[in-house]
Amino acid sequence: MSKFQAHLKSLIRENGPVDVGTFMGLAVGHYYKTRDPFGVRGDFTTAPEISQMFGEMIGVFIADAWLKMGSPAAINLVEAGPGRGTLMMDVLRATKIVPGFHQAIRLHLIEMSPVLKEKQREALMGEQVTWHETFVSVPQDAPLFFIANEFLDALPIQQYIWQDGAWHLRVVGLEGENLSFGAVMVPVSNLPKHHGPEGGIWEHAPARDAFVGDVAAVIKKCSGLALFIDYGHNQSGMGDTLQAVRAHKFVPLLDDVGEADLTSHVDFEAVARVARVVGNTVHGPIGQGDFLNNLGIGLRAGRLNQAEEFHRLTAPEQMGDLFKVVALCHDPAIKLAGFDT
Ligand code: SAH
């Protein structure tokens with residue numbers, strides 16, 4: 007048993023079961039703070055790690071939006087959860103030729119992992135970067151250009167389970183020496199009005215909603231845009247989407263806590279709802295395949311001779327459909343590249 011697992015168990019032994027959100031926050035925190043999980047020999051591979059084309063297309067998207075916004079002299083270019091820094095490196099390389107764009111950029115990265123921060127430092131050598139633990143400390147003194155790939159899926163969610171005619175909060179407790187899921191009756195607001203099927207699970211992501219709400223509020227205040235890419239669904243609904251992945255395979259959630267990547271599917275309907283409430287215009291969500299194709303990845307793939315990487319990023323049965331892209335913007339009149347079909 008790892009030190010982290012022993013710590014989690016003693017926490018539960020002393021204070022009682024923890025809700026799924028607390029459990030996920032602790033497990034994800036430990037996981038990322040202690041490793042670089044990417045690549046064939048790691049646990050999973052993300053789009054920017056598959057091919058440079060991914061970051062290049064996002065560079066095209068951002069530079070196009072910057073031009074359409076009248077080439078502001080200064081922008082805060084912010085990435086949340088930059089992993090190895092590969093996406094940002096590709097974005098910067100692809101946009102070098104846009105006159106005035108690099109001079110305008112102030113680069114901010116939001117990262118909680120010291121291990122990955124070091125990787126980002128290496129990847130972005132020569133760039134002036136400010137790191138932040140959370141979005142809250144990012145300055146609000148210029149238009150915000152925000153990107154995040156596979157970040158929202160790592161933020162903690164809560165789960166509710168329908169049992170014996172009522173919604174219960176799903177928790178992680180102890181059965182003997184082993185972690186196990188349980189359910190407790192609690193007075194909770196915001197529960198669905200409808201009944202569930204016995205044992206049915208309903209997810210709610212307050213941390214994700216709050217994060218998107220904060221970003222949307224800065225876009226409203228300072229102008230700018232945000233681009234979120236993640237796997238998930240277009241419609242809120244029932245279902246347990248919590249999953250653990252280790253060495254490129256799904257593993258049981260409670261088997262080796264803190265040693266597997268723990269994520270949930272992003273509810274894009276909820277993301278769009280939060281952004282609209284704050285007053286942003288919402289583009290998408292559309293499939294990653296459509297987005298990249300609209301930006302011209304096909305041409306680039308031909309030039310780079312990357313037919314296989316192109317297929318992995320865009321084919322519906324690969325990452326093209328399950329991964330979705332949504333953009334938020336302050337100005338309804340601006341047509342963002344990649345979203346017009
Ligand atoms: N965007 C990268 C990495 C995705 S993995 C890529 O596409 O390759 C998730 C990233 O988010 C990691 O860098 C992880 O350390 C970071 N992260 C996860 N939860 C976080 C949180 N609550 N605060 C800050 N960073 C977080």
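Quick note on numbering: the working numbering labels position 289 of the sequence shown as 295, and the sequence is numbered without any gaps. Where a beta carbon is used, it is the ideal one built from N, C-alpha and C, also for glycine. None of the values given here were measured: they were computed from a predicted structure.
- Under the DSSP assignment, ASP96 falls in the alpha helix (DSSP H) whose first and last residues are 92-101.
- Taking C-beta atoms under 8 Å as the contact rule, ALA232 and ARG252 fail to qualify, at a distance of about 30 Å.
- If you check the C-beta of GLU62 against the ligand SAH, you find no heavy atom less than 7 Å away.
- Ranked by Cα distance from ILE235, the first of PRO291, LEU260, ILE207, ASN286 is PRO291.
- Residue pairing of ALA189 in beta bridges, as defined by DSSP: ARG176.
- Judged by the Cβ position, TYR38 qualifies as a neighbour of the ligand SAH at the 7 Å threshold, a heavy atom of the ligand being closer than this.
- The way I'd put it, the stretch 49-65 does touch the stretch 313-332; three or more beta-carbon pairs between them come closer than 8 Å.
- Not one heavy atom of the ligand SAH lies closer than 7 Å to the C-beta of GLU181.
- In the assembly as shown, ALA172 is an exposed residue. Its beta-carbon has fewer than 16 other beta-carbons within 10 Å.
- Looking at PRO212, LYS199, GLU117, the one whose alpha-carbon comes closest to that of GLY27 is PRO212.
- The DSSP assignment places 267-269, 287-293 as complete runs of the beta strand (DSSP E) inside the stretch 264-306, in order along the chain (cut-off: 3 residues).
- Setting aside the 5 residues that flank it on each side, GLY219 is surrounded in the same chain by VAL280, VAL284, each with a C-beta closer than 7 Å to its C-beta; the list follows chain order.
- Assignment of LEU130 by DSSP, reduced to helix, strand and coil, places it in the coil class.
- Counting the other CB atoms within 10 Å of its CB gives LYS102 a total below 16, which places it among the exposed residues.
- Taking the Cβ of GLU117 as the reference point, at least one heavy atom of the ligand SAH falls within a distance shorter than 7 Å.
- Per DSSP, the unbroken beta strand (DSSP E) holding HIS114 starts and ends at 111-116.
- DSSP, read as helix, strand or coil, puts ASN21 in helix.
- Of the candidates PRO23, THR52, PHE67, the residue whose Cα lies closest to the Cα of ALA333 is PHE67.
- Uninterrupted beta strand (DSSP E) stretches at least 3 residues long and entirely within the stretch 192-267 occur at 207-210, 230-239, 249-252, 255-257, given in chain order.
- Ranked by how close their Cα comes to the Cα of ALA339, the residues HIS13, GLY243, ALA71 have ALA71 in first place.
- For CYS228, the CB contacts under 7 Å within the same chain, skipping 5 residues up- and downstream, are GLN146, ALA148, PRO149, LEU150 in chain order.
- In this structure, ASN286 sits near LYS226, with a CB-CB distance shorter than 8 Å.
- Check the Cα spacing between SER242 and each of ALA223, HIS271, LEU158: the tightest is with HIS271.
- In terms of Cα proximity to SER77, the closest of GLY65, HIS174, ALA53, PRO105 is PRO105.
- Between the C-alpha atoms of MET325 and GLY87 there is a straight-line separation of about 19 Å.
- Cβ-Cβ distances below 8 Å link GLU128 to GLY91 in the same chain, with the five nearest sequence neighbours on each side left out; the list follows chain order.
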